[in-house]
Amino acid sequence: MNDTLPITDWTQKAVDLALDYGPKVLLALLVLFIGLRIIRVLVRAVERGMQKRDTEP
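Right under this line is the structure:
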């Protein structure tokens with residue numbers, strides 16, 4: 004008979020998954036955040052360029 008409680012097994016699996024995938028998820032979120040910032044800078048630069056040339060977006 005299994006002496007461990009099911010909640011202990013679930014907790015251990017959750018910890019294992021967090022250790023396996025946690026850094027990957029954090030890295031993905033960091034890349035997403037940096038990408039969004041770069042896009043924002045590029046959009047602002049294009050908008051400024053269009054305003055200087057009096058064009059509509």
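The sequence shown begins at 4 in this note's numbering and counts up by one.
Backbone N, C-alpha and C fix where the C-beta goes; we use that ideal spot for every residue, glycine too.
To the nearest angstrom, how far is it from the Cα of residue i to the Cα of residue j?
{"i": "M53", "j": "R47", "result": "10 Å"}
{"i": "D19", "j": "L32", "result": "20 Å"}
{"i": "D12", "j": "Y24", "result": "18 Å"}
{"i": "M4", "j": "A17", "result": "At M4, the pLDDT of 47 sits below 50, so the modelled position is not reliable; the number obtained from the coordinates is stated separately. Roughly 23 Å between the two C-alpha positions."}
{"i": "T58", "j": "L45", "result": "17 Å"}
{"i": "R43", "j": "P9", "result": "47 Å"}
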